[in-house]
Amino acid sequence: MTDHNSSHKPRDPIAQHRRQNLLRRILLLTGAILLGLVAMYALTLGPYPMTMIDVFNAFIGNGSDVHRTVIWNIRMTRIATAIFAGAALAVSGMVMQNVLRNPLASPSTLGVSHAASFGAAFGIVVLGAGTTQAHSVYFDHPYLLALCAFAAAMISTGVIILLARIRDASPETMILAGVAMASLFTAGTTSLRYFASDEVQLSSIIFWTFGDLGRTDWTSVSIISVGTVATLIYFFLNRWRYNAINGGEDVARTLGVNTNRTRILGLLISSLLTALVVSFVGIIGFVGLVVPHIVRRVVGTDARFLIPGCCIAGALLLLVSDTVARTMLSPVIMPVGILTSFLGAPLFIYLIIRGRKHW
Amino acid sequence: MVDLVTLDDVSFAYGKIQALSDITLSFRTGSLVGMIGPNGSGKTTLIRCVCRLVRPENGTVTINGRDLSSLNSLDLARMVGYVPQMQEKAFPVPIFEAVLAGRIPHLGWAPSDHDLAIVKNVLELMDLEDISQRNINTLSGGQMQRVQIARALAQEPLVLCLDEPTSNLDIKHQLGLMRMVRDLTRKRKMLALMAIHDLNLASQYCDRLVLLQNGEVFSSGTPQEVLTRKNVRNAFNINVAIHTHGDLIHIVPVENTDLRRLEHT
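Residue numbers (the working numbering), protein chains in the order written: chain A, 1 to 359; chain B, 1001 to 1265.
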């Protein structure tokens, strides 16, 4: 409360609200510019040394063939994958947290990622969808794989939706169910690995258990990007519904929101997007859990700012992580999924212990 | 004068438990109506029927002459505001944004100047304008209750439904809240329906009371008409002494052993 001495200078709530929103727009714009700069810088990094000028020349189609190949076929696809996969995972996590009103929800804590990974392994071993050529994993039927990943992800999503319908399922219950689903599907993946007929299948399965951005080509990048952008548009159109749900189940319903429909569609679509990403890059843990919490502290809970904020921050986090992972032990390239798990697990524990008061 | 809200033969059951049976009531605008009765008597269910948080199995509820079951949810949200008993756990938002949520049924792409002006107006009305940027997770029970009411008022409803709004407040805030809701019904030409446990508060501030028991209307009318010793004894199965000071009624529960003494006085 203001004391009476300063009350002769009343603060206008609308002006404060507008200033707050302006600040958020500036932060989002700054984040987007930063993402662009980091992406450009990341193009110069790698085992094959290139300067900014080399990169620029290769980008506009000049320079040597080697430069053009490195930029267009290796680094650009990798960076584009990092940006779209990071945005997709972060926003999926944000929507899951919002519609379940559960701060611990995310594609990895609800078991969706592990299920998708199991589906992909099933496709490889049982349906024979993957082979290895010239020491790199290659998939004969990427769409069959994606389909298998989707189908398995839908099983774990179904379980979550069933749980969400039980009104009093607490955040903890939901996460414990997610842990159970994750370990069930991990066991499934492990047994598939045990029964894998050859090394080819084995290495293909292992590919999914830790995410790696290095094996996407322009086709998979375009599939991921179209899926991500379409989903983002859907989520953004629902932004006021998500804001209403944050006020509570009954309040949202009396604000005219069909909460069941919004929740089920939100879970379904964010799981689909997760499955899409996992089916091309494997499991990348904790981005979907941690990013929404960080972004909420910076731009607030209003989905108008939170959705674009999660896109930018998720993309930025995955891009930086991947760039570190591939240059840290150069020429060895570490899968980014390992790095995000190393970063994410302590942050997850921090959220459980210290973050509680913020929910 | 036309009734704003009518319930005609309304029944509702949670599974096998009959929560409301054949309720017929009507309410006029500009008044505060209290729903009283023992736990499980149907107070909250009745409020939830008017907000369409539950749909009656039989009978019809109308608001402003329109049948609730055929209204689309946005039209309903523009007519009925709901104040829950407790704020559920939420991600942190400033008060301003929590109240702005009340404009959602009226919104287009983004809040207009008109929407923001309404939010400012209700913030002033609820004495929240100085703390409009404070996070709702840091508020006291009384402040949170004011935020919830402000949010519901931002909907510009004809009917305000409140579910036991005083149950988490100390006595000073209970009185403040009851006075505020009653004044709102006068100032804004609104009907307020409130489920309330405290009979003394209800009698002091409500224009009309509905006493429910086992999902049926036991008695309905002015506080003086409803809160008789016989009614309270039969509905709650307790003995009470009722003291009147002019228009004020005081209900004092008494143990059985004291009853004989009271009968003599």
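Just so you know, even glycine gets a beta-carbon here, dropped at the ideal spot from N, CA and C.
Predicted model only: the values in this text are computed from it and were never measured.
Query raised in the report: Thinking just about the alpha-carbon of each residue, which of A:ALA315, A:SER321, A:PHE286 and A:GLY247 is nearest to the one in PRO346 (chain A)?
Result: A:PHE286
Query raised in the report: Which word fits PHE195 (chain A), buried or exposed, when buried means at least 16 other C-beta atoms lie within 10 angstroms of its C-beta?
Result: Only exposed fits PHE195 (chain A), as fewer than 16 other CB atoms lie within 10 angstroms of its CB.
Query raised in the report: Tell me which same chain residues have a C-beta within less than 6 angstroms of the C-beta of SER1026 (chain B), skipping the five on either side of it?
Result: If we look at SER1026 (chain B) and ignore the five residues flanking it on each side, its Cβ neighbours are ASP1003 and THR1006.
Report task. Please say whether LEU1160 (chain B) and VAL1083 (chain B) have beta carbons closer to each other than 8 angstroms? Result -> yes
Query raised in the report: Hey, how far is the Cα of THR2 (chain A) from the Cα of ILE1251 (chain B)?
Result: In this prediction, THR2 (chain A) has a pLDDT of 42, which is less than 50 and means its spatial position is unreliable; nothing more can be read from the coordinates.
Query raised in the report: Mind checking if ASP1130 (chain B) is an interface residue toward chain A, Cβ cutoff 8 angstroms exclusive?
Result: yes
Query raised in the report: For LEU1107 (chain B), does the three-state DSSP call read helix, strand or coil?
Result: coil
Query raised in the report: Which residues, in chain order, does the stretch 1057 to 1081 of chain B contribute to contact with chain A at a C-beta distance below 9 angstroms?
Result: Here the close residues are ASN1072, SER1073, LEU1074, ASP1075, LEU1076, ALA1077, ARG1078, VAL1080 and GLY1081.
Requested in this report: Kindly indicate which three-state DSSP category PHE342 (chain A) falls into: helix, strand or coil?
Outcome: In the structure shown, PHE342 (chain A) sits in a helix (DSSP, three-state: H, G or I).
Query raised in the report: Considering ARG992 (chain B), what are the terminal residues of the alpha helix (DSSP H) in which it resides?
Result: It is not possible to answer for residue 992 (chain B), since the shown part of chain B is limited to 1001 through 1265.
Query raised in the report: Within the 8 angstroms Cβ cut-off, does LYS1043 (chain B) reach chain A?
Result: no
Query raised in the report: Less than 8 angstroms separating the beta-carbons of ALA152 (chain A) and ALA115 (chain A)?
Result: In contact: ALA152 (chain A) and ALA115 (chain A) (Cβ atoms closer than 8 angstroms).
Requested in this report: Taking GLY227 (chain A) as part of the alpha helix (DSSP H), name the residues at either end of that continuous run.
Outcome: 218 to 237
**Report entry** Beta-carbon proximity check, LEU389 (chain A) vs THR327 (chain A), cutoff 8 angstroms
**Finding:** The requested residue 389 (chain A) is not part of the displayed model; chain A covers only 1 to 359.
Query raised in the report: Mind checking ARG25 (chain A): buried by the 16 CB within 10 Å criterion, or exposed?
Result: exposed
Requested in this report: Could you have a look at ALA134 (chain A) and say whether DSSP puts it in helix, strand or coil?
Outcome: Note that ALA134 (chain A) scores 42 on pLDDT, short of 50, meaning its location in the model is unreliable and no value can be drawn from it.
**Report entry** Residues from the stretch 242 to 272 of chain A in contact with chain C, defined by Cβ distance under 8 angstroms
**Finding:** Here the protein chains are A and B, and chain C is not one of them.
Query raised in the report: Using a C-beta to C-beta distance shorter than 8 angstroms, which residues of chain B count as neighbours of ILE14 (chain A)?
Result: LEU1116, ALA1117, VAL1119 and LYS1120
Report task. Measure the alpha-carbon distance for ILE160 (chain A) versus GLY178 (chain A) and round it to whole angstroms. Result -> 8 angstroms
Query raised in the report: CA-CA distance, ASP1009 (chain B) and SER1021 (chain B)?
Result: 8 angstroms
Report task. With ASP1009 (chain B) as the anchor, note down where its beta strand (DSSP E) starts and where it stops. Result -> 1005 to 1014
Query raised in the report: With DSSP run on the structure shown, which of helix, strand or coil describes GLU1057 (chain B)?
Result: Reduced to three states, the DSSP call for GLU1057 (chain B) is coil.
Query raised in the report: At a Cβ threshold of 8 angstroms, is THR301 (chain A) touching chain B?
Result: yes
Query raised in the report: Whose C-beta lies closer than 6 angstroms to the C-beta of ALA1077 (chain B) among residues of the same chain, with five residues either side of it excluded?
Result: So the list reads PRO1105, once near-sequence residues are dropped.
Query raised in the report: Assuming LEU1193 (chain B) and ILE1047 (chain B) make a contact with CB atoms under 8 angstroms, what is their CB distance in whole Å?
Result: The C-beta distance from LEU1193 (chain B) to ILE1047 (chain B) rounds to 6 angstroms, short enough to fall under 8 angstroms.
Query raised in the report: So the beta strand (DSSP E) ASP1022 (chain B) belongs to, where does it begin and stop?
Result: Here the beta strand (DSSP E) through ASP1022 (chain B) covers 1017 to 1027.
Query raised in the report: In three-state terms, what does DSSP make of ILE1063 (chain B)?
Result: strand
Query raised in the report: So, does the CB of ARG101 (chain A) fall closer than 8 angstroms to a CB anywhere in chain B?
Result: So, interface residue.
Query raised in the report: Quick one: what's got a C-beta closer than 8 angstroms to PRO1157 (chain B)'s C-beta in the same chain, skipping five residues either side?
Result: Non-local C-beta neighbours of PRO1157 (chain B) in its own chain, meaning closer than 8 angstroms and more than five positions away in sequence, comprise ARG1078, MET1079, VAL1080, GLY1081 and MET1190, ordered along the chain.
Query raised in the report: ARG75 (chain A) and LEU213 (chain A) look like a contact to me (Cβ under 8 angstroms); what is the Cβ gap, rounded to whole Å?
Result: Going by Cβ atoms, the distance from ARG75 (chain A) to LEU213 (chain A) rounds to 11 angstroms, so no, they are not a contact pair.
Query raised in the report: Between the stretch 1140 to 1158 of chain B and the stretch 1114 to 1125 of chain B, do three or more beta carbon pairs fall short of 8 angstroms?
Result: yes
Query - Burial state of THR157 (chain A) (16 or more Cβ within 10 Å) - result: Counting other Cβ atoms within 10 Å of its Cβ, THR157 (chain A) reaches 16 or more and is therefore classed as buried.
**Report entry** Same chain, Cβ closer than 7 angstroms to ILE338 (chain A), neighbours up to 5 away in sequence not counted
**Finding:** Around ILE338 (chain A), the same chain offers PHE210 as residues with beta carbons nearer than 7 angstroms, after the five sequence neighbours per side are excluded.
**Report entry** Inter-residue CB distance, SER1212 (chain B) and GLY1042 (chain B) (contact presumed, cutoff 8 angstroms)
**Finding:** It should be pointed out that residue 1212 (chain B) corresponds to Leu in this sequence rather than to Ser. Correct: roughly 5 angstroms between the Cβ atoms.
Query raised in the report: On the three-pair Cβ rule with 8 angstroms, is the stretch 237 to 255 of chain A touching the stretch 1030 to 1038 of chain B?
Result: No, the stretch 237 to 255 of chain A is not in contact with the stretch 1030 to 1038 of chain B.
Query - SER279 (chain A) (DSSP reduced to helix, strand or coil) - result: helix
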